[in-house]
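The working numbering applies: residue 323 is where the sequence shown begins, and numbers increase by one.
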Amino acid sequence: MFVRGRGDTMVPLASLVKVTESVSPRELNHFNQRRSVTITANLAPGYALGEALRFMDATAERVLKPGYSTELNGVSREFRSSSGALALVFVLALLFIFLVLSAQFESFVDPFVIMLAVPLSMVGALGAMHLTGGTLNVYSQIGLITLVGLITKHGILIVEFSNQLRQQGRDVFEAVTEAAALRLRPILMTTAAMVLGAVPLALATGAGAESRQQIGWVIVGGMSFGTLLTIFVVPTMYTLFARKEVPGEITTPEAPEAAPAH
């Protein structure tokens, strides 16, 4: 092969360069604008994603030379980013529901009593995940946030009907006792509908079943255990923290003192 030189002379390329054969990659992968190598792995039985990521970080810190770093992608990246935001999202969900209920009930006490059912349902949800071998991942976190809105419905039924009875002149204990008895059947019916509707998710099989099972068991365990305790805890807390007067409550005026006889 010849190339054109000065004076339009043709110069053989072999006199200018030296050709050597070597091996090079067909393509260079990049991630975040840096050359990268992708490592794909599956979880071993009995290990959670969080444990695998902690093991990977410890191994990378011990093995990699200075200047090298690791980044996550896919489900691992979503898990790492969502884990830090779970607490904030959960607090915002509780605050939003509390403010909405406060506006509806025109009180800060009634929403507080209603939301006492939330930690009870969380115990049931975490217990169900533990018994079924589940882990706290992206999908179970979605189920926990959803459970906050579902479980507060029971307290709303009891507290709202108790306030209506108190507006008719009933005392606190009598009103909450009758409200809990009359609202027991609607609470159990709606709970059964929600739990039975989530059972197919909890027992799902096939592709993507792991994600559906996590959400299903959170709802099944949280609603079942939370409802069982809510029907006892909410009426008890209502008798302790209920307002002395409810807007629109009928009060009997005191009879005037009889005038002294002359």
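Where is the CB? At the ideal position from N, CA and C, for every residue including glycine.
I believe Leu350 touches Arg357 by the beta-carbon criterion, under 8 Å. Please report the beta-carbon distance rounded to the nearest angstrom.
6 Å
Leaving out five residues on either side along the sequence, give the residues of the same chain with a beta carbon under 7 Å from the beta carbon of Ala524.
Answer for Ala524: Gln535, Gly538, Trp539 and Val542, listed in chain order.
Excluding the 5 residues flanking Ala374 on each side, which residues of the same chain have their C-beta closer than 7 Å to its C-beta?
Leu365
Using C-beta distances below 7 Å, list every residue in its chain close to Glu587, excluding the 5 sequence neighbours before and after it, in chain order.
Since the first and last residues shown for the chain are 323 and 584, residue 587 lies out of range.
Return helix, strand or coil for Gly396, following the three-state DSSP convention.
coil
May I have the straight-line CA-CA distance separating Val333 from Thr342, to the nearest angstrom?
20 Å
Can you give me the C-alpha to C-alpha distance between Ile480 and Phe412, rounded to a whole angstrom?
Cα to Cα, Ile480 sits roughly 24 Å from Phe412.
Write down the C-beta distance between Leu408 and Gln490 rounded to the nearest angstrom, noting that I regard them as a contact closer than 8 Å.
Between Leu408 and Gln490 the beta-carbon gap is near 44 Å, outside 8 Å, which marks them as no contact.
Am I right that Val359 and Leu438 are in contact with their C-beta atoms under 8 Å? What's the rounded C-beta distance?
That pair is no contact at about 51 Å.
If you measure between the beta carbons of Ile473 and Ser424, is that distance less than 8 Å?
no
From Arg399 to Ala531, what does the alpha carbon distance come to, in whole angstroms?
20 Å
Please determine, among Asp330, Pro441 and Ala370, the residue with the shortest C-alpha to C-alpha distance to Val460.
Ala370
Measure from the alpha carbon of Glu482 to the alpha carbon of each residue in Leu466, Leu504 and Gly471, then state which is nearest.
Nearest in C-alpha terms to Glu482, of all of Leu466, Leu504 and Gly471, is Leu504.
Comparing alpha-carbon positions, which option in Ala497, Ile361 and Gly471 lies nearest Met516?
Gly471
In the DSSP assignment, what are the bridge partners of His352?
Arg357.
If you run the structure through DSSP and keep just helix, strand and coil, what is Pro367?
coil
Pick helix, strand or coil for Pro334, following the three-state DSSP scheme.
DSSP places Pro334 in strand when its eight states are reduced to three.
Run the CB neighbour count on Thr527, radius 10 Å, all protein chains shown included, and call it buried at 16 or more, exposed below.
exposed
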